[in-house]
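So the protein sequences, as listed, match chains B and X.
Per my numbering, the very first residue in the first sequence carries number 13; after that it's consecutive.
Per my numbering, the very first residue in the second sequence carries number 23; after that it's consecutive.
Structure first, then comments.
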Amino acid sequence: MEPLQIPPVNLILLAPLLTVVGWASALLLVDVFLIPEGKKKLTGYLAIAGLLVAGLVGLPLWNVSGSTFSGMLVLDRYSLSLTWIFVIVGALSIAMALDYLPRHGIEQGEFYPLIMFAVAGMILLAQGTDLIVLFLGIEALSITLYILTGFAYPRLTSEEAAMKYLVLGAFAAGFFVYGIALVYGATGTTSLAGIAEFLGRQTLVAEDQTLLLAGAGMVLIAFSFKTALVPFHMWTPDVYEGSPTPVAAFMSVGTKGAALAALLRVLAFAFEGVQAYWLPVLAALAAITMVVGNLGALGQTNVKRMLAYSSIGHAGYILLGIMVASERGAEAFLFYLLAYALTNLGAFGVVIALEQQGESVWSIEDFAGLYQRRPMLAVAMALFMFSLAGVPPTAGFMAKFFIFTAAYEGGLGWLALVGVITSAIAAYFYLRVVVKMFMQEPAREVQPELNRGLNADIIIAGVATLLIGLVPTPFIFLAQQSLVALGG
Amino acid sequence: MTNAIPLEAVLVVAGALFCIGLFGALSRRNMVGILMGVELMLNAVNINLVAFWRYLEPRFITGQTFALFVIAVAAAEAAVGLAMIIAIYRSWQTVNADSVDSLRG
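Laid out in structure tokens, this is it:
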């Protein structure tokens, strides 16, 4: 056998990822040895600082692109933009949690480094160009999220949600690796570029490629589990309801965004040549995801479950951008992800403000009459609901507009139509919250709790939601620039 | 050496193991049993990976490295899963998946 060769490694390309991982590891030790009990908020501030530093470290890399670890990891503008989105999501989620944890008596310093590790997994998913790395990224993200879901120990629902999530997640992981193993057997490689090269060498005859098709199908099932596409969405409402609310907020945008970003890379690079095989499958998935997600939200009186179903529906819209394997589609995908992430984090922020100590109700009735008690909070929530429903002039409207246009131009007109119709249905349950807040008398006394972290989250999310909706041009420009020199 | 046992035979064993794991994960009501089923599924994958490496691409060690990664991830998952089962047992006094059922939707 030949001696093992160590490939050249360029760590500069991984600077944001390494910053997050390094900072989180150090923070775990600092938290245990230096930060006294009761002052754990400091750990949270340090974690936010670490995420922001990681974002800043990425800035000078905007004009750098390249791959390292023998082509397993890549740095390009696409991954960098995603990194920034994930860093913002992580920082805002931690900001929400700063006062949430002590108020509900579950303050443990590990919470903040764990969020950072999850963000590292997400960045790994954005940078990975090899199925092995994507597997590692998904698992790094999922395993930390299992723990975070169960973080409200000893609240029973939290443990139950964590166990459900773990069992289904481990199940999906099994499918994912089995699929990868079959693809590896069929093509002899796990790198996305290698698979594309293999597929480019010959015309695919379905009968000869059972192994490859079975493998790709299993990988797709695993991705559907992780991003909660219908019919693999059953766990989502339970897990969101049971987990601590900041974690649910983080999951609803982070996990979904990262897994979908990786799916886009897999489909657009490795399997671009066999679009005819996966397009109908994904189109069907997207259509039923949009329909079931939005219909499921209609009957919910629990706001957290409603937001869970709404996040399922939004995954369907995002999938439209992925299917149109063109620059327009990928642009619309990035734009939608940013708009949806900020809006949803804001909406969850308001839910946290209304969450009463020791209760797990999150009833929509608690929103009744909010306008009389906290006008600004009600206006902010109305803004987020409008944005999620896709009413102009909010970020959600622009995002939906771009994604439907991209789908229509990409020849998926009927899916765009399904999207428009389901958005109209969705307006009902989003606007119901607004009606409750502005036009009804409060059913019971609910004292909203606001504090520094939550204020920051709601203000940043609100301003961004309006800003992206009113002046979308710079953000579109950024999304376009992100796709320059997209390396495989 | 590699001709003694055809690749197909190894794949069938791995496939059977995967299905046994799948069946176990779906049919067991004991949470420890479910975790064991999942572990079987992951180990079936390892057999596949090593077999494909040995028979198809012995020049590159992709399959072997991947198998190592899978083992590491499976260990991490089992550690978190067992910790969670202990936590659940402390508050519910049971490890039966059907009795742990308070969230509905």
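For every residue, glycine included, the Cβ atom is placed at its ideal position computed from N, Cα and C.
{"Item": "First and last residue of the uninterrupted beta strand (DSSP E) at GLY181 of chain B", "Value": "Premise fails: GLY181 of chain B lies in the alpha helix (DSSP H), 168-199, not in any beta strand (DSSP E)."}
{"Item": "Sequence-distant residues of its chain with Cβ nearer than 6 Å to ALA27 of chain B (five each side left out)", "Value": "VAL69"}
{"Item": "Straight-line Cα distance separating MET335 of chain B from ASN65 of chain X", "Value": "33 Å"}
{"Item": "Residues bridged to ASN118 of chain X [DSSP beta-bridge criterion]", "Value": "X:ASN52"}
{"Item": "Three CB pairs or more closer than 8 Å across the segment 383-398 of chain B and the segment 267-274 of chain B", "Value": "no"}
{"Item": "Reduced DSSP category for LEU85 of chain B - H, G, I as helix; E, B as strand; rest coil", "Value": "strand"}
{"Item": "C-beta contact flag for ALA365 of chain B and LEU466 of chain B at 8 Å", "Value": "yes"}
{"Item": "Residues of its chain near VAL251 of chain B, where Cβ-Cβ distance is below 7 Å and the 5 sequence neighbours each way are ignored", "Value": "THR161, ALA173, LYS176 and TYR177"}
{"Item": "Secondary structure of ASN75 of chain B, DSSP reduced to three states", "Value": "coil"}
{"Item": "Separation of VAL446 of chain B from PRO114 of chain B, as counted between CA atoms", "Value": "30 Å"}
{"Item": "Buried versus exposed, by CB contacts within 10 Å (16 or more), GLN459 of chain B", "Value": "exposed"}
{"Item": "Chain-order list of residues whose beta-carbon lies under 6 Å from that of THR141 of chain B (same chain, five-residue window excluded)", "Value": "VAL86 and LEU204"}
{"Item": "Beta-carbon contacts of SER91 of chain B that lie in its chain and below 7 Å, excluding the five residues immediately before and after", "Value": "ALA138 and GLN139"}
{"Item": "Beta-bridge partners of ASN314 of chain B, as assigned by DSSP", "Value": "B:SER375"}
{"Item": "Own chain, CB closer than 7 Å to ALA455 of chain B, minus 5 neighbours either side, in chain order", "Value": "GLU377 and ALA380"}
{"Item": "Against chain X: residues of the segment 132-164 of chain B by CB proximity under 8 Å", "Value": "ILE144, PHE147, LEU148, GLU151, ILE155, TYR158, ILE159 and GLY162"}
{"Item": "Coil, strand or helix - THR156 of chain B by DSSP", "Value": "helix"}
{"Item": "TYR440 of chain B, buried or exposed, once every other Cβ within 10 Å from all chains shown has been counted against 16", "Value": "exposed"}
{"Item": "7 Å CB neighbourhood of PHE237 of chain B in its chain, flanking five on each side removed", "Value": "LEU180, ALA184 and PHE244"}
{"Item": "Nearest to TYR289 of chain B (by Cα), restricted to the options B:GLY422, B:TRP426 and B:ALA226", "Value": "B:ALA226"}
{"Item": "Terminal residues of the alpha helix (DSSP H) in which ASP123 of chain X lies", "Value": "Segment: none, ASP123 of chain X is in no alpha helix (DSSP H) and carries neither H nor E."}
{"Item": "Reference ALA260 of chain B, options B:VAL363, B:LEU94, B:LEU63 and B:LYS52, closest by Cα", "Value": "B:VAL363"}
{"Item": "Proximity below 8 Å, CB of PRO166 of chain B to CB of SER124 of chain X", "Value": "no"}
{"Item": "Pick from B:TYR196, B:PRO404, B:VAL42 and B:ASN22 that is closest to ARG76 of chain X, judged by C-alpha positions", "Value": "B:TYR196"}
{"Item": "Within 8 Å, strictly: CB atoms of THR406 of chain B and LEU424 of chain B", "Value": "no"}
{"Item": "Coarse secondary structure for SER50 of chain B, derived from DSSP in three states", "Value": "One detail in the question is off: residue 50 of chain B reads as Gly in this sequence, not Ser. Residue state, collapsed to three classes: coil."}
{"Item": "Supposed contact pair PRO484 of chain B and LEU410 of chain B - C-beta distance, whole angstroms, cut 8 Å", "Value": "The identity of residue 410 of chain B in the sequence shown is Met, whereas the question assumes Leu. Contact flag correct, Cβ pair sits at about 5 Å."}
{"Item": "is_contact[GLU119 of chain B, chain X] using C-beta, thresh 8 Å", "Value": "no"}
{"Item": "Cutoff 8 Å: THR257 of chain B Cβ touching any chain X Cβ", "Value": "no"}
{"Item": "PRO125 of chain B: CB within 7 Å of a non-hydrogen atom of the ligand NAP", "Value": "No copy of the ligand NAP appears in this structure; indeed no ligand is present at all."}
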